[in-house]
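Protein sequences appear in the order of chains A and B. Counting in the UniProt record's numbering, the first sequence runs from 1 upward without gaps. Counting in the UniProt record's numbering, the second sequence runs from 1 upward without gaps.
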Amino acid sequence: MNALSAEVHRFLPTTPADPGFGVYVHWPFCAAKCPYCDFNSHVRHQAIDQERFARAFAREIAVMAGRSRGLTVTSIFLGGGTPSLMEPATVGAILDAIAANWTVAPGAEVTMEANPSSVEAERFLGYRAAGVNRLSLGVQALNDEDLRGLGRLHDVAQALKAIELARSTFPRLSFDLIYARPGQSVASWEAELARAIDLAADHLSLYQLTIEHGTPFYALHKAGKLKVPDGELSADLYEATQSVTRTAGLPAYEISNHAVPGAESRHNLTYWRYGLYAGVGPGAHGRLMGRLGRHAVATEPNPERWLQMVEDWETGTTIDDALSHQEEADELLLMGLRLTEGVDLKRWRQVSGRDIDPTVEADLVAQGMVERLSPDRIRATPAGMLVLDAVVADLA
Amino acid sequence: MPAETPLDHIRNFSIVAHIDHGKSTLADRLIQATGGLDLREMKEQVLDSMDIERERGITIKAQTVRLHYTAKDGGTYVLNLIDTPGHVDFAYEVSRSLSACEGALLVVDAAQGVEAQTLANVYLALDNDLEIVPVLNKIDLPAAEPDKVKEQIEEVIGLDASNAVMISAKAGIGIEDVLEAIVHRLPAPKTGDRTAPLKALLVDSWYDAYLGVVVLVRILDGELRKNQVVRMMGTGARYGVDRVGVFTPKMVQVDALGPGEIGFITASIKELADTRVGDTITEDRRQTAEMLPGFKPAQPVVFCGLFPVDAADFEDLRAAMGKLRLNDASFSFEMETSAALGFGFRCGFLGLLHLEIIQERLSREFDLDLIATAPSVVYRIHLTDGTILELHNPADMPDPARIEMIEEPWITATIMTPDEYLGNILQLCQERRGIQTQLTYVGARALVSYELPLNEVVFDFYDRLKSISKGYASFDYHIADHREGDLVKMQILVNAEPVDALSMLVHRSQAERRGRVMCEKLKELIPQHLFKIPIQAAIGGRVIARETISALRKDVTAKCYGGDATRKRKLLEKQKEGKKRMRQFGKVEIPQEAFIAALKMES
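Here it is as structure tokens:
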């Protein structure tokens with residue numbers, strides 16, 4: 001345990017001024033599709049040829065590395081889908097390919113998402129040995145009925161075991177919960193959250209259930225068969241979440257992410273601080289520099305088509321667009337205002353070529369939605385965070 | 001094609017019918033039966049050629065067709081069918097068309113019977129001294145009750161229906177009987193001297209992109225030939241005739257048009273304004289002694305503002321309106337500015353359907369996105385200094401201290417309805433300040449007449465009537481007179497800012513109800529903001545209704561998927577695009593759709 005905690009302190013810190021460079025790897029398969037999920041995930045009933053996929057990942061890694069020469073990787077994130085369906089050998093092959101093609105900073109954060117089922121927990125040691133040093137567990141609820149309602153394949157007992165095993169295996173651990181679930185009250189959520197904080201290490205992701213277009217939940221909701229908390233109740237739930245986590249010493253550092261100060265997800269900070277990142281695998285997104293500036297890069301989402309493209313042409317890249325000043329400024333603002341540290345307005349001005357409209361800002365300040373942390377740093381207040389999409393639309 | 005048709009072998013007629021009672025289908029059958037078009041050329045309904053006309057099953061512009069019919073008596077007759085608009089808004093055009101005819105077919109649905117609109121048009125035909133032949137259509141329907149409907153025609157209209165022609169236009173039953181009835185029961189044109197100086201009535205005119213102005217004429221005396229130099233007696237304009245022809249319904253040129261005939265001419269006329277409908281056309285060198293009485297111009301009775309959703313479309317809107325006006329002299333417009341809606345036009349219409357049709361044509365044919373303000377009527381404002389103002393726009397209302405009194409237009413409305421809906425309809429009319437003048441029954445159908453302020457009718461009356469009668473009641477009206485009314489200007493304030501586009505003149509007794517409805521509606525339509533927004537209806541400084549839109553409490557994306565900033569940015573761009581379509585009132589953004597929906601009214 002001592003050795004591991006020593007390692008925590010060796011994690012490379014990033015700062016607002018130097019957001020770091022991340023590599024995101026997308027494993028697109030799941031054992032079952034959750035009814036609320038609109039991510040790029042796919043269920044296959046025949047076995048996945050993991051070695052073949054690993055070779056393809058390695059090839060695309062080489063391409064992305066070629067596009068980001070000179071950058072040092074400060075974080076790696078294996079997301080999905082369900083990356084914990086990968087054999088440890090597959091994870092090892094991917095991490096080796098990253099190390100072979102880029103310079104990886106000593107102490108770089110290597111996060112992997114995992115489901116807390118017993119089968120997957122058996123592989124935790126293997127992942128750790130492959131180089132994963134931070135696990136993000138998709139616990140989602142500490143209530144069996146709600147777990148079934150969310151279409152999860154695990155139960156609370158399995159989740160507790162997985163948390164315990166992960167804590168003893170990985171230097172860092174985070175887990176996800178979904179709240180504002182059908183029928184959830186503020187009191188029951190507060191109790192569940194308190195229990196989660198007891199189980200938590202130093203990081204929690206707490207997402208409000210969102211009814212996304214095209215999901216089974218969307219159809220049910222539209223048909224009136226799924227009742228989710230309305231705007232008022234979900235605002236109350238959000239506020240309760242803020243106050244419980246703050247009291248427990250895991251304040252929000254982003255809309256939905258909470259950490260003991262210093263234990264924030266470096267990788268996600270890179271996104272929100274609008275640093276550069278490479279995306280590898282089906283449907284992965286990146287922001288890389290092109291000759292004329294920042295590019296939005298994305299790959300083919302369908303796993304088999306992506307695989308074929310990589311085997312034929314080294315990469316499954318389908319989108320590689322130079323961003324306009326306005327687009328870049330919009331992204332900088334909408335990502336950055338999600339953070340409690342806010343956005344550097346000097347940088348925004350540099351990107352957009354203009355200032356924030358002073359009357360719009362003054363109105364938002366008067367309404368208690370935004371504030372200046374320093375002459376050049378603007379952030380959303382706790383009240384502003386709750387209506388951030390509207391605030392950003394005013395400011396952008 | 002015979003160059004000269006003897007007068008007694010000509011019949012000029014039109015068809016009077018309610019919407020849906022089969023006028024266009026019958027016209028198609030007549031054209032088909034007389035070989036005007038072969039089947040391949042027949043589009044479903046030939047006469048209603050504008051898209052809107054075909055969709056709504058109504059006729060807006062008069063059209064004519066010349067049919068050649070060999071009757072059972074062996075004679076070949078020229079039958080000129082002049083199609084007329086069915087709706088009362090176009091009564092002016094109806095009476096113009098009827099004035100070119102000697103007879104009319106009254107087509108009544110054998111299942112549905114006489115409707116309010118039928119009545120209005122029959123009366124117009126009777127006013128023009130037309131001979132009328134009743135025709136019962138759809139006799140093949142199981143629900144047809146021809147005997148009851150005949151009885152109704154006799155009772156309600158006062159026409160002898162014993163010889164009514166029984167047909168099904170759709171099934172092609174009785175079409176020949178109709179043709180025979182036209183020949184034997186409708187009169188031939190009365191007078192006409194082919195050798196006299198030309199005397200022709202300018203029935204209608206429209207702009208054709210290829211031919212220039214096309215003029216529809218009815219000849220009374222003399223002959224109209226190609227290359228003839230004619231004079232419009234009213235405007236004094238002179239033209240050399242390029243083409244003389246008839247519609248079969250295709251345009252077919254003929255050598256000459258003689259007395260009793262109906263046809264068209266073109267004469268390189270550039271300006272529609274030079275062809276005043278109702279004018280008398282004569283020869284330039286040999287003029288007729290006497291001008292025809294002509295028509296009095298149609299007066300617009302309903303006004304509303306039309307504004308482009310995108311301010312950049314203003315010039316396009318002006319051009320589009322100019323083009324529509326080319327073919328519709330009864331539509332008028334002048335520039336208007338609104339704090340809420342920017343630059344636009346105050347437009348005058350013959351009625352609500354006319355308004356709707358113009359709006360629809362602007363958006364459909366010219367691809368313009370429009371906002372229409374609440375329709376209003378023309379008020380006569382008597383000022384304390386003795387002058388009288390005609391108020392077309394509530395925003396121009398003078399200071400109440402200067403107003404002696406306000407007069408508003410009243411209508412006489414006729415409503416026919418199955419009696420089960422009568423109670424609701426009477427209640428609606430009472431609510432709208434109506435005065436009942438007549439109530440009679442024909443079988444299970446009631447005919448009720450009301451005097452109503454037009455102001456109450458332009459507001460949503462028609463929609464309400466349709467909904468409370470499940471679509472079965474029919475409604476028609478004509479302007480009766482002006483009467484003094486206790487009218488006040490009601491303003492709508494959003495976050496304490498008056499929104500001029502939503503202000504309206506209302507009767508004091510109706511103000512609270514309308515104000516409440518408007519506030520409730522706006523509460524639904526204006527999106528939540530970051531602060532709470534009061535919505536008030538006020539007369540002068542006094543608030544008569546109020547609603548509050550609560551502040552937005554939650555609007556934030558919980559999760560950003562794996563660095564996909566693009567998806568979030570696209571949403572933001574959509575949001576910003578949406579804001580562009582909003583109008584700013586102080587700090588409040590009101591979507592265009594809110595104006596349109598709020599003005600459409602009512603629950």
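Ideal placement from N, C-alpha and C gives every residue a C-beta, glycine not left out. Bear in mind the structure is a predicted one, so any value in this text is a computation, not a measurement.
Within chain A, no residue has its CB atom less than 8 Å from the CB of residue 523 (chain B), the nearest being about 15 Å off. Residues 115, 117, 118 of the same chain have their beta carbon placed closer than 6 Å to that of residue 18 (chain B), with the five preceding and five following residues left out of the count. The beta carbon of residue 572 (chain B) sits closer than 7 Å to some beta carbon of chain A.
Look at the segment 40 to 70 of chain A: the residues with a C-beta under 9 Å from a C-beta of chain B are 40. At a cut-off of 7 Å, the C-beta of residue 569 (chain B) has a neighbouring C-beta in chain A.
Contact between residue 230 (chain B) and residue 198 (chain B) holds, with the beta-carbon distance rounding to 7 Å and staying under 8 Å. Judged by DSSP in its simplified three-state form, residue 247 (chain A) adopts helix. A straight-line Cα-Cα distance of about 36 Å links residue 200 (chain B) and residue 156 (chain B). Within the segment 115 to 133 of chain A, no residue has a Cβ lying closer than 8 Å to any Cβ of chain B. Judged by their CB atoms, residue 227 (chain A) and residue 182 (chain A) are nearer to each other than the 7 Å cut-off. With contact defined as three or more Cβ pairs closer than 8 Å, the segment 440 to 447 of chain B and the segment 370 to 383 of chain B are not in contact. In terms of CA proximity to residue 460 (chain B), B:428 leads the group B:428, B:225, B:481. In the DSSP annotation of this structure, the continuous segment of the beta strand (DSSP E) that includes residue 109 (chain A) starts and ends at 103 to 114.
The beta carbon of residue 515 (chain B) sits no closer than 7 Å to any beta carbon of chain A. Following the DSSP letters along the chain, one finds residue 264 (chain B) inside the beta strand (DSSP E) bounded by residues 262 to 266.
Excluding residues up to 5 positions away in sequence, 308, 313, 316, 317, 320, 362 lie with their Cβ nearer than 7 Å to the Cβ of residue 368 (chain B) in the same chain. Between residue 453 (chain B) and residue 408 (chain B), the CB-CB gap stays under 7 Å.
Here residue 94 (chain B) is actually not in contact with residue 136 (chain B); their C-beta atoms are around 22 Å apart, not less than 8 Å. Note that the segment 110 to 119 of chain A touches the segment 74 to 86 of chain A; at least 3 beta-carbon pairs, one per stretch, sit closer than 8 Å. Taking 7 Å as the CB threshold, residue 341 (chain B) stays off the interface with chain A. For residue 121 (chain B), the uninterrupted alpha helix (DSSP H) run begins and ends at 116 to 127, by DSSP. In the three-state reduction of the DSSP assignment, residue 400 (chain B) falls in the helix class, which pools H, G and I. Between the alpha carbons of residue 433 (chain B) and residue 456 (chain B) lies a distance of about 8 Å. By DSSP's assignment, residue 322 (chain A) forms a beta bridge with A:295.
Under the Cβ criterion of 7 Å, residue 580 (chain B) is not counted among the residues facing chain A.
In its chain, beyond the 5 residues on either side, 369 have a beta carbon closer than 7 Å to the beta carbon of residue 310 (chain B). Scanning chain A for C-beta atoms nearer than 9 Å to the C-beta of residue 575 (chain B) yields 389, 390, 392, 393, 396, reported in chain order. Per DSSP, residue 184 (chain B) lies in no beta strand (DSSP E) segment; the continuous alpha helix (DSSP H) that holds it begins and ends at 175 to 185. Using a Cβ-Cβ cut-off of 8 Å, residue 210 (chain A) is close to 557, 558, 559 of chain B, given in chain order.
Where residue 55 (chain A) is concerned, there is no enclosing beta strand (DSSP E), although the alpha helix (DSSP H) around it starts and stops at 50 to 66.
The C-alpha of residue 175 (chain A) lies about 42 Å from the C-alpha of residue 591 (chain B).
The contact set of residue 146 (chain A) on chain B, defined by CB atoms closer than 7 Å, is empty, because the minimum CB distance reaches about 17 Å.
Taking C-beta separations shorter than 8 Å and ignoring five residues to either side along the sequence, the partners of residue 39 (chain A) in its chain run 80, 81, following chain order. Restricting attention to B:422, B:276, B:483, the CA atom closest to the CA of residue 467 (chain B) is found in B:422. The segment 343 to 376 of chain B is shown to contain whole alpha helix (DSSP H) runs of 4 or more residues at 352 to 365, in chain order.
For residue 250 (chain B), there are no neighbours in chain A by C-beta distance under 9 Å, as the nearest C-beta there is about 52 Å away.
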